Structure formats: structure tokens, C-alpha cells
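Trainee: Chain order of the listed sequences is A and B. For the first sequence, the numbering used here begins at 1 and goes up steadily by one. For the second sequence, the numbering used here begins at 142 and goes up steadily by one. Backbone N, C-alpha and C fix where the C-beta goes; we use that ideal spot for every residue, glycine too. Since the model is a prediction, treat every value here as computed from it, not as a measurement. I have a structure here, written as C-alpha cells, and I will follow up with some questions on it.
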Amino acid sequence: MEKAVVLVVEDEALIRISAVHMVEDAGFMAVDACDADEAIAILERRKDIWAVFSDIIMGSTKAGLKLAKVVRNRWPPIHLILTSGLNAPDKSEFPANGRFIAKPYTAEHVVTVLHELFASKPAPYRLKSDPGRNYGRVARW
Amino acid sequence: MAPQQKQNMSPDIELNLALAVVASSAAPLLLLDGDLTLVAVSDSFCRAFEIDPGSVPGRSLRELGSGEWNIPQLHSMMKATASGFAKIEGYEIDLRRDGKEPRRLVLNAQKLSYGNEGSVRLLLSIADVTEARIAEKLKDEMLKEKAILLQELQHRVANSLQIIASVLMQSARNVQSEETRTHLVDAHQRVMSVAALQKHLATSKPGDVELRPYFTALCDSIGASMIRDHNQLSLDVTVDDSVTSADVSVSLGLIVTELVINALKHAFPADRSGGRIKVGYQSKGADWKLSVTDNGVGMSAGAPAAKPGLGTGIIEALTRQLGALVEVGDAKPGTAVSIVHTGIAQIANPVRSRAAV
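This is the structure we're talking about:
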């Protein structure tokens with residue numbers, strides 16, 4: 001429980017592997033899922049996940065948006081980052097306080113967005129590797 | 142002549158003429174009296190709705206065929222038309238017959254004024270729009286399907302570019318050689334530049350790329366991945382309202398990518414603070430100028446020119462393809478590289494420039 005855990009959800013294996021590396025390079029711990037069902041199963045099992053970084057279109061449906069809705073309902077404090085090769089969804093479809101990253105994304109973009117989200121609402125426990133970024137503040141939500 | 146002939150016409154002949162006009166109408170047409178009894182129907186009506194012409198005279202609209210025309214709304218509207226209260230214009234009904242698909246009909250009816258106030262005559266015309274409506278629906282569905290396919294394609298292209306970019310970045314993480322790593326990072330940036338364009342094209346009208354937002358998005362993308370400290374080095378875009386074709390914009394975007402990568406690599410070897418790279422584009426008629434200017438160390442002061450790399454090759458090939466020329470100047474301090482196109486250059490060697498690429 002030293003690093004905040006980010007759940008990466010992506011159906012394309014190569015993109016998933018690379019996204020996991022981006023998240024780890026940003027100083028987080030990554031776990032990954034290849035679809036929304038697996039993601040929900042992981043969220044039910046682990047209580048240390050503080051951000052979900054998910055593709056919107058998985059298996060030809062907008063499963064990522066449904067997943068985001070479930071996360072907002074059941075685990076409201078979790079940070080949500082959604083990505084897609086298509087344009088950002090309408091505000092009505094988009095989860096509150098969620099962030100959108102267009103595909104193809106760069107590691108820099110993912111890192112920036114993760115840092116911004118955790119800077120505004122840090123994970124509620126102390127982080128071990130925290131070189132000056134100070135996510136370790138105890139959350140007050 | 143004509144008026145005289147008319148004068149000679151007996152009322153019977155006039156009536157026959159009217160009936161013959163109705164009968165020969167190419168569009169289904171019914172002539173009725175005030176009680177909705179049929180006076181005449183067109184052959185086209187009988188053919189279209191399978192009515193025996195011999196059975197028509199003297200029947201009421203209700204009794205026509207096997208009673209399929211006994212439609213209460215139609216009757217009340219026809220009655221209202223007969224009494225002059227209403228006029229049927231573009232009224233749509235479904236004609237239902239046993240053992241047949243319903244037909245969608247558009248009706249128009251009006252009371253005829255012909256100088257005989259005693260006897261009312263109504264003219265009802267019928268257009269069968271069933272097929273037209275099916276075709277419209279099909280067209281809507283096809284348009285929807287096309288939009289879905291386009292989205293699917295856009296999704297796949299973005300995913301593919303993401304895979305390529307990801308693999309290049311993974312490779313860059315894993316190689317030992319700094320030189321190889323630089324090449325892989327550059328390749329990654331080239332892929333991201335193509336992606337920025339692809340994204341821009343997906344949202345713009347076909348054949349119509351606005352350069353300012355495109356170059357801005359492109360430079361944002363380059364800046365995001367290649368400039369670590371934005372306080373030290375700035376990348377600015379100054380572009381006029383120029384619009385180009387998609388083909389030309391791809392070439393211009395790739396040239397900008399190479400020139401900016403080049404400036405980032407060579408213009409500020411020691412210290413980037415205060416560093417500035419400007420991307421400019423201006424056009425007038427067929428003449429245009431694309432420029433990338435830095436305030437770095439300049440060509441002579443920089444590292445001794447290595448043998449021209451991939452970037453230089455890309456710039457030269459694309460510039461030739463555009464029928465333009467590369468001009469390198471001293472920006473005092475720094476370097477200004479311009480890609481200049483004049484209308485004359487384009488006319489002078491369009492064939493050669495294409496053949497060279």
C-alpha cells in the first residue's frame with residue numbers, strides 16, 4: 001500500500017502493456033483489465049484502486065462509458081480517465097470529474113493528467129516514492 | 142374557331158370530355174359528386190388499386206373494391222370538402238387490403254367550381270408514396286450506417302497509431318544506445334504528427350484543412366512529448382487563415398515536425414533557457430511560405446554538420462513534392478528555415494517534382 005494503484009482497462013493488448021508502463025513511470029502502481037467486467041471484478045476485490053484509466057470503445061461497444069458510470073455510482077472517489085480515438089463524448093454521457101485523453105496519447109499526457117487528478121484529490125494514504133509531488137497528503141473528500 | 146366549336150358542343154359532349162380527361166389521367170384520379178358517389182375514375186387508378194373499371198359508375202366511395210376505401214377519416218374529410226369547409230392537401234392514409242402490404246397514400250381533394258352550383262363535384266387525386274418512403278428510410282439507414290463505419294474506421298486508425306507509437310516508445314525505453322533511443326523517440330514523434338493530422342482531418346470538411354488549428358494541435362503534440370521544461374523553451378505558431386487540401390496539409394505537417402525536431406536537437410546544445418521556436422505560415426494566392434525559426438546557436442556555431450539525416454531527406458522530398466524550395470537563413474541569432482512556394486515554381490516543374498519523389 002505504498003503507491004496509489006491505477007487500474008488500466010484496454011482491450012488491445014499492446015496498448016494495454018504500454019499504458020501500464022506509462023502509469024508505472026508516473027510513479028503509480030498499475031493493474032490491468034482487458035474489459036469492463038474484469039475491471040469491475042478487480043474493483044470489487046481490491047480496495048486500493050484510486051484511479052481507472054479506461055478505453056471507451058471495447059469490443060465494438062462503448063463499454064468504457066458504462067464502466068465509468070458504474071465506478072461513479074459504486075466508488076465515487078475514484079479518479080476516472082477515459083480515452084478514445086473518437087472525439088470526446090458529450091458532456092451528458094461523460095462521468096462527473098472525469099478526464100478525457102485522445103488516442104493516440106503520449107506518456108507525457110497520461111502522466112500529466114494523472115498528476116493533476118491526484119494533486120487535486122490525493123489518494124487517502126501516504127505514498128512511499130513521492131519525490132516532491134506530495135500525493136501523500138491525507139485526503140479530505 | 143375554338144370558341145365557336147365550344148358553343149356548338151352539347152352538354153353531353155362536354156360531360157364526356159370531362160369524363161375522358163379524368164379517365165386518361167396518368168396519376169390516379171377520382172371524380173365524385175357531393176354524396177361521394179363515383180362519377181368517373183382514371184384507368185391509372187383502376188390499374189394501381191386493382192379495381193374493375195366496369196364496377197365503378199354509380200357506386201359510392203365506401204363500396205369501391207371490397208370496401209377497403211371505406212375509411213372514416215377520408216369520408217369525413219371528403220364531406221367537409223364537398224361543403225366547402227375544408228380542402229384536403231397532402232393528407233396521408235394507409236390503404237389496407239386483405240393479403241397485401243399496406244400502401245401509404247398521399248391524397249389531395251378539392252371541390253370543383255364549374256358554374257353549376259346545383260351539383261357538387263369533387264376531384265380526388267392519389268399518389269402512392271410507399272416505395273418512395275421505403276427508399277427514404279433506406280437512405281437514412283445507409284447514412285447512419287456510413288457514419289457508424291466512419292467512426293469505426295477512425296477508432297481503428299487511432300488504435301493502430303497508438304500501437305505503433307507504443308511499440309516505438311517501449312523500444313526506446315529498452316535500448317542502451319543513446320543514439321538509437323533518439324531515433325526511436327523521433328520516429329515516435331513522426332507517428333504522433335501523422336496522428337494529429339488524422340485527428341484533425343476526421344473533424345474537418347473533406348478537402349479543406351485549416352492550417353492554424355492543425356499546426357497548433359501539431360505543435361502542442363510535439364511540445365508535449367519533446368519539450369520537458371516549458372518555462373525554458375517556447376514553441377509558438379503564427380499562421381494566417383490559409384486553407385489547403387488534405388494532401389498538402391500532410392506534407393506541410395511532416396515538414397514542420399522535422400524542422401521542429403531539428404531545431405530542438407541542434408539549436409540549443411548547451412542551454413535552452415530563453416529558447417524560442419516559431420512556426421509560421423503565410424499565403425497569398427498561389428504563393429506561400431512556411432517557416433521555422435529558432436533563436437539558438439545558428440548553423441555555423443552549432444555542431445559540425447553531420448551527414449544529412451533522415452529528417453533532411455524527408456524535408457527535401459516533401460518540399461519537392463510540393464513544388465517548393467528550401468531556404469536556410471541566419472536569424473541572428475539562430476536559424477530560419479523557410480519552405481517557399483511561388484506560383485511560377487509550381488508551373489515550371491510539376492512533372493519533375495512528382496517524378497523525383
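Compare the C-beta of V109(A) with all C-beta atoms of chain B and state if any pair is closer than 7 Å.
Mentor: First, the amino acid is wrong: residue 109(A) is His here, not Val. So yes, H109(A) belongs to the interface.
Trainee: Which residues, taken in chain order from the segment 4–17 of chain A, show a beta carbon closer than 7 Å to some beta carbon of chain B?
Mentor: Listed by position, the residues of the segment 4–17 of chain A near chain B (Cβ gap below 7 Å) are E12, L14 and I15.
Trainee: Would you check if the segment 100–119 of chain A and the segment 19–28 of chain A touch, i.e. whether three or more CB-CB distances between them fall below 8 Å?
Mentor: yes
Trainee: G475(B) and G439(B) look like a contact to me (Cβ under 8 Å); what is the Cβ gap, rounded to whole Å?
Mentor: 6 Å
Trainee: How should V391(B) be labelled, buried or exposed, when 16 other C-beta atoms within 10 angstroms of its C-beta is the threshold for buried?
Mentor: buried
Trainee: DSSP beta-bridge partners for N249(B)?
Mentor: S266(B)
Trainee: When you compare each of S266(B), K252(B) and I267(B) to S260(B) by their alpha carbons, which one comes out closest?
Mentor: K252(B)
Trainee: When you compare the CB of N300(B) with every CB in chain A, is at least one pair closer than 7 Å?
Mentor: yes
Trainee: Please look up how many angstroms separate the CB atoms of K419(B) and T434(B), rounded, as I've assumed it's under 8 Å.
Mentor: With 8 Å as the limit, K419(B) and T434(B) qualify as a contact, their Cβ atoms being about 5 Å apart.
Trainee: Name, in chain order, the residues that DSSP records as bridge partners for L451(B).
Mentor: The bridge partners DSSP lists for L451(B) come to none.
Trainee: Name the chain A residues whose beta carbon is nearer than 8 Å to that of Q456(B)?
Mentor: The question names Gln, but residue 456(B) in the sequence shown is Ile. Residues of chain A with a Cβ closer than 8 Å to the Cβ of I456(B) do not exist; the shortest Cβ-Cβ separation is about 23 Å.
Trainee: Comparing the C-beta of T483(B) with each C-beta of chain A, is any distance below 7 Å?
Mentor: no
Trainee: Is I192(B) helix, strand or coil when you go by DSSP?
Mentor: coil
Trainee: Tell me the DSSP secondary structure of R105(B) in three-state form.
Mentor: Given that chain B is displayed from residue 142 to residue 498, the structure contains no residue 105(B) and the question cannot be resolved.
Trainee: Return the residue from the list I396(B), A387(B) and G206(B) that minimises the CA-CA distance to G345(B).
Mentor: First, the residue type needs correcting, since residue 345(B) is Ser and not Gly in the sequence shown. Measuring from the Cα of S345(B), the nearest candidate turns out to be A387(B).
Trainee: Which whole-angstrom value is the C-beta distance of T271(B) and R244(B), which I expect to be below 8 Å?
Mentor: Here T271(B) really is in contact with R244(B); their C-beta atoms are around 5 Å apart, less than 8 Å.
Trainee: So, with DSSP's three-state summary, where would you put R140(A)?
Mentor: Any reading at R140(A) needs caution, since the residue's pLDDT is 33, under 50, leaving its predicted position unreliable; the model's value is listed next. It is coil, neither helix nor strand.
Trainee: Which residues bound the alpha helix (DSSP H) around R66(A)?
Mentor: A small correction: the amino acid at residue 66(A) is Lys; Arg does not occupy that position in the sequence shown. Where K66(A) is concerned, the enclosing alpha helix (DSSP H) stretches over A63 to R74.
Trainee: So R99(A) is in the alpha helix (DSSP H); what residue range does that whole segment cover?
Mentor: It is not in any alpha helix (DSSP H) - R99(A) instead sits in the beta strand (DSSP E) that spans R99 to A102.
Trainee: Taking all protein chains shown into account, decide if H371(B) is buried (16 or more other Cβ within 10 angstroms of its Cβ) or exposed.
Mentor: exposed
Trainee: Could you check the C-alpha separation between E320(B) and Q330(B) for me, to the nearest Å?
Mentor: 15 Å
Trainee: Use the C-beta contact count for Y355(B): other C-beta atoms within 10 angstroms, 16 or more gives buried, fewer gives exposed.
Mentor: buried
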